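Trainee: There's a structure below that I have some questions on.
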């Protein structure tokens, strides 16, 4: 059975080969071939993952580890690279390769006619390989290899149309902010080695369990891993790069900046659950970072006008929800939300992609509207996704979000860190999510048509290669929810499935069933309020109310993304550039000239010595005589003779 | 066998000196012959026995060479990098190519000597021998302000090494060792009184800090690289010649452990500061060569951080990083040579959008840039990781400071790529030609080999690190051998 | 029989006078003469000590006098070359003033 | 003791004369006087052969050479030194201190003289035959080297003179070309 599972180990290799083939010979291939190669390599990876998934489900062992080759070795510190395929990593692999495959197919249509066609698919394949490496790694080091690998691929793909300075800057910003998170990851690894003596995740998890509850060193390790996670999952304070990352092609935003890469932070914390379970402080920090990010991101999403920027802030907000889930100790809930979010967010992005594709690159929602009539499939699938993300009951979003809310309310791990306040925040954010998603759907698909008339007749639905993935994703985003029904009343498959991988001593308050239903009711009310408000503002009053609010301070604050960009530029970027040029001039002027000045006394000494060579013979004779004299004195006085 | 690694380059250099009138292809063939055969010999070096014959009887100086442990690794990597360098030099240096190549090979012989020498005075001999060709390459083939650069480089290098010579010569009489060979000295010098150990170690530090280079003694580096021959070949040789780290690793730390324990924390501060300082400055540079100079200075800061952590992982990591940065920084300098050949300038402001007309060049540059900023899975990462880890054991805060250089490295790496290859297109350039491809293939192979399979090399390095870790017996607070095995 | 110390004192006085001559006289010839004088002062001391060491056998005693004999030969050769140089300098500079030759320095 | 004093005074007066007399010829003659008195002192020190040599070689040959050169170059007296005025007193002081130092060291350890008989037997009157014994036994190498030395002295003197002739021919040749140019 294990060899069936270990087949999945070839998935990253396949993706890598696909990337190499496209990279080296890409330009030689005609248009769709690179796309086909890339999609195939990811597709086969998907099949392998499914086989492994069912083999693992059937088999009795929960974890298969495959060692590759020894990597680092110094004294007692041994580290060899290897994969650890357990239920959590296989689930993630399914998401990555599954959603990845759909997006690859979609991209064949979307990138049609682009002159960097093969380069695009090389980047996408490389990304899938790196992401698989990240989730399959058995040690923090190999995870870090995948961690930076995805950072690089996102840099390559965000800056795909590198000729515009805007895209290149966005790519650079994403890379540098990710790099800050990676530095945090490095420090966390160092502390892990000094504390546990090894980087093997399973060993660390077991050892962490043995440590005293809430010990400070664990707290620091947790915080460092949190810093790494915020870098990659665009949470406060490192969330500024994701909105700009929309400069990349839309399928890239769908795959990387919605479904897979940004969830790496959540996966990391879930993977190191036993460690976080031991430090309520660090977990509370995770939860609060998630909560605040969710709230702020939702607020910013209100006023955004770019179709993809709204979805980007919505992603940041949903990631905030996942962080709260893993923060409060409900690790399977976090992964469950990752699972469902991957589907409907990818669908939303691909829908936006097909809208942009149809409107020949138009991304501003103010010049869209009423497209539902013209693009049937995109319209309906986007509607399903919007309802799902808004948390409308019986759709996947509702189940995962409700689970998060329920577990936040009943969490004991961070009970004394204000989990109820957090619950309230999340509830409000859920409502806000419903509102801005309704706004998004309405501005694009409903209401009067604001796009130029001449586009009207050429408007057509995207080709089937793009709409088919939309339909598949829509089906998934409806059904996915039923894998994780509320435990107290219904069979919950995903909790049971992830249990062995993330089992921790974390417990939750046991509520009476009536209270559970009350919680579910509350989340339904939140969704209803959000949607209703949206309907009242945009449908009934045709957005007149919004026009009046346009100039208010809140609206400006929201549009500017809470001023984080300006703040970071003023606090970090300018001073950094200032110190850089300052240090550079210090280096050339002070250190350089200083040392040269230090050498000047030697010059003085030389000139003084030259005086002795006056050229007068008699001076030389005198010098000789003095020499004789001194010698004679020494001999006579030192009593050598006697 | 070990002697042949030094003799082959010397002999080929001799032929090359007289090949001035010969046809360029003959020169290229000779250059390749020399470097490739040296590389092949270097491949079989680790197994072979060393040699040790009495050289200066009066003073008991032996001509002792032995390819144990880290020296074989460094010789192997240095000779690997030398192949593309010689090939590119034969293609790109116009004036007196024969003697340029000869100097390059003499430098390679000197470098192999430095790494293999197991006798202190022989080490010093090769240490100075390698300086001469480096100076001549800068002085004869350098840029407009080469004279000041040579003067500064000479003053720094020579003052440091002469003082070191004083320390070296004093070592044997003071300690009463049988000879200047490493094993004889190792038996006796650790027992020297703390005072003598300290001043001798400081003399050693002065010379090695110039070559490491560490913060206050580094200002020769930017000028050295800026004024060198635009093909970047002399810079690669210069990068190989940054052997201060090896000096500390093979000689200063093991011979004078008492002083090392006292001085190392101070040097650790300096090294960490150099790493961050240089990386931050690199972000603001507008001249390509100066930017690469500061980047390599930042790497050497990390090597220093690894060394002065006085920890087994750090020491092995520092030497591995030393080897890896030869390949990556060497590759970057060769690429800068290729860029200069296309646009005849190093000013970054005149570059832009080259990726459209030279995609292969852009891809390779990006790959080598990512290696240089320490992306895991590529050459620099294992060394950097272990160095920082070693330093983390010594002092977490300094290691944290040094890790900031990783971020600054990311900034200058990506900035450089954007200014060269992205944004609007300035002037289309030719893509990689076959000579350049042939030059870059060994570099890329080296990067992948060092990045993906550090295991065997680390094992060899560790043989020598173990000796140092044994002799360096700092106080309890710096765990000497065990890797933080605390439960 | 006069003690050797007196001869040594006398020779040192002559040597001092010769030295003053070398240092103060402007003309090269005069410097030459003073050098000869210093030379003879040295010879005197040698002969005085030859007598002093006669107690140690004739070989050691007479070696002092033989040394003087050799110094004489040396003085002759020295004067020959010295004057030759002097003549050539005179032709070149038409003056034997010592200070006039200052520019031979670096 | 009296003879020694007389000789000493004469010699010192002669020496002072050498360094003070304006005219070079007078100075040379003063030096000859000193040399002759020195020869007499050699006699009192039992060095008869040396005394003879001193008179013949030194006073005879070398001083004649000096006089010859002085006459040849008809060197006038000296003008006072214009340069390094501070130099003269310093020279005097240094010379006096040097003489005093050497003298005092001698007088600090007075050594007893061996008796008459011993001196006579050892020095055998400083005649040619005993000196020849020493010269050709212990000092043989020195003797040969002196021969070489004299040879170089001669060659040196001749070569210095030789250049003069060549220089003259060149001067004449230059002169000719100059006229050619002018013509």
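Chains as they are written, first to last, in the numbering used here: chain Z, 33 to 674; chain C, 24 to 510; chain Y, 666 to 771; chain L, 439 to 621. Where is the CB? At the ideal position from N, CA and C, for every residue including glycine. Remember, predicted model here, so these are calculated numbers, not experimental data.
Looking only at its chain, what residues have a beta carbon closer than 7 Å to the beta carbon of residue 141(Z), apart from the 5 residues adjacent to it on each side?
Mentor: Same-chain partners within the cutoff: 494, 495, 497, 498.
Trainee: Do you know how far the Cα of residue 113(C) is from the Cα of residue 50(C)?
Mentor: Rounded to the nearest angstrom, the two C-alpha atoms are 7 Å apart.
Trainee: Flag residue 529(L) as yes if its beta-carbon sits less than 7 Å from any beta-carbon of chain Y, otherwise no.
Mentor: Yes - at least one Cβ of chain Y is within 7 Å of the one on residue 529(L).
Trainee: Which residues does DSSP pair with residue 169(Z) in a beta bridge?
Mentor: Partner(s): 115(Z).
Trainee: Return yes when the C-beta of residue 748(Y) is under 6 Å from any heavy atom of the ligand SAH, and no when it is not.
Mentor: Judged by which ligands are present, the structure shown has none, so any question about the ligand SAH falls away.
Trainee: Count the other CB atoms within 10 Å of the CB of residue 644(Z); is the residue buried (16 or more) or exposed (fewer)?
Mentor: So residue 644(Z) ends up on the exposed side.
Trainee: DSSP on residue 244(Z), reduced to helix/strand/coil?
Mentor: Correct three-state label for residue 244(Z): coil.
Trainee: Could you please give me the residues that DSSP links to residue 77(C) through a beta bridge?
Mentor: Answer is 85(C), bridged to residue 77(C).
Trainee: So who's on the other strand from residue 105(Z), going by DSSP bridges?
Mentor: Note: residue 105(Z) sits in a beta bridge opposite 110(Z).
Trainee: Quick one: what does DSSP say residue 95(Z) is sitting in, helix, strand or coil?
Mentor: Three-state DSSP puts residue 95(Z) in a strand.
Trainee: So which residues on chain Y does residue 653(Z) lean against when the C-beta distance must stay under 7 Å?
Mentor: What residue 653(Z) touches in chain Y: 687, 688.
Trainee: Report the CB separation of residue 706(Y) from residue 683(Y) in whole angstroms; it is logged as a contact under 8 Å.
Mentor: Sure, about 6 Å apart at Cβ, within 8 Å.
Trainee: Look at residue 551(Z) and residue 438(Z) and say whether their C-beta atoms are less than 7 Å apart.
Mentor: It is a contact, given that the beta carbons lie within the stated cut-off.
Trainee: Since residue 509(L) meets chain Y, which of its residues come closer than 9 Å, beta carbon to beta carbon?
Mentor: The premise fails here: residue 509(L) is roughly 11 Å from chain Y at the closest Cβ pair, so nothing lies under 9 Å.
Trainee: May I ask you to report which of helix, strand or coil DSSP gives residue 332(C)?
Mentor: If DSSP states are grouped into helix, strand and coil, residue 332(C) belongs with coil.
Trainee: For the alpha helix (DSSP H) that residue 310(C) lies in, which residues bound it at each end?
Mentor: Where residue 310(C) is concerned, there is no enclosing alpha helix (DSSP H), given that its DSSP letter is neither H nor E.
Trainee: Give the secondary structure of residue 524(Z) by DSSP, where H, G and I count as helix, E and B as strand, and everything else as coil.
Mentor: Of the three classes helix, strand and coil, the one that applies to residue 524(Z) here is strand, per DSSP.
Trainee: Please list the partners that residue 618(Z) has in chain L, where partner means a Cβ-to-Cβ separation under 9 Å.
Mentor: Near residue 618(Z) there are no residues of chain L at all, since even the closest Cβ is about 50 Å away, more than 9 Å.
Trainee: Roughly how many angstroms lie between the CA atoms of residue 350(C) and residue 486(C), to the nearest whole one?
Mentor: Using only the alpha carbons, I get a separation of about 23 Å.
Trainee: Residues in the same chain with beta-carbon distance under 6 Å from residue 669(Y), minus the five sequence neighbours each way, listed in chain order, please.
Mentor: Within the same chain, residue 669(Y) has close Cβ partners 713, 717.
Trainee: Could you check if residue 573(Z) is buried or exposed, using at least 16 other CB atoms within 10 Å of its CB as the buried criterion?
Mentor: Burial call: exposed.
Trainee: Quick check: what's the CA-CA separation for residue 501(C) versus residue 263(Z)?
Mentor: Confidence in residue 501(C) is poor, its pLDDT being 36 and thus under 50, which makes the residue's placement too unreliable to answer from.
Trainee: From which residue to which residue does the alpha helix (DSSP H) around residue 421(C) run?
Mentor: Counting along the chain, the alpha helix (DSSP H) containing residue 421(C) begins and ends at 419-444.
Trainee: Closest Cβ-Cβ distance between residue 444(L) and chain Y: below 7 Å?
Mentor: Closer than 7 Å: no.
Trainee: What residues of chain L sit near residue 713(Y), judged by a beta carbon separation below 7 Å?
Mentor: Those are 483, listed as they occur along chain L.
Trainee: Thinking C-alpha only, which one of 413(Z), 408(Z), 104(Z) is nearest residue 21(Z)?
Mentor: The question about residue 21(Z) has no answer here: the residues shown for chain Z are numbered 33 through 674.
Trainee: Let's see if you can read the secondary structure: which residues bound the alpha helix (DSSP H) around residue 194(C)?
Mentor: Where residue 194(C) is concerned, the enclosing alpha helix (DSSP H) stretches over 169-198.
Trainee: Looking at the secondary structure, which residues open and close the alpha helix (DSSP H) in which residue 131(C) lies?
Mentor: Element bounds for residue 131(C): 120-139.
Trainee: How would you write the range of the alpha helix (DSSP H) that residue 672(Y) sits in, first residue to last?
Mentor: Its alpha helix (DSSP H) spans residues 669-689.
Trainee: Would a check of beta-carbon distances place residue 665(Z) closer than 7 Å to chain D?
Mentor: Structure shown: chain D not included; protein chains present are Z, C, Y and L.
Trainee: Residues in the same chain with beta-carbon distance under 7 Å from residue 666(Y), minus the five sequence neighbours each way, listed in chain order, please.
Mentor: The answer is none, since no qualifying residue turns up.
Trainee: Per DSSP, what are the beta-bridge partners of residue 540(Z) in this structure?
Mentor: Answer is 443(Z), bridged to residue 540(Z).
Trainee: Is it buried or exposed for residue 492(Z), if we count other Cβ within 10 angstroms and need 16 for buried?
Mentor: Residue 492(Z) is exposed by the Cβ-count criterion.
Trainee: Could you pull the start and end residues of the alpha helix (DSSP H) that residue 154(C) belongs to?
Mentor: Where residue 154(C) is concerned, the enclosing alpha helix (DSSP H) stretches over 154-164.
Trainee: Against chain Z, with Cβ distances strictly below 7 Å, would residue 684(Y) count as a contact?
Mentor: Chain Z contact via Cβ: present.
Trainee: Counting only Cβ pairs nearer than 7 Å, list the residues of chain Y close to residue 534(L).
Mentor: What residue 534(L) touches in chain Y: 681.
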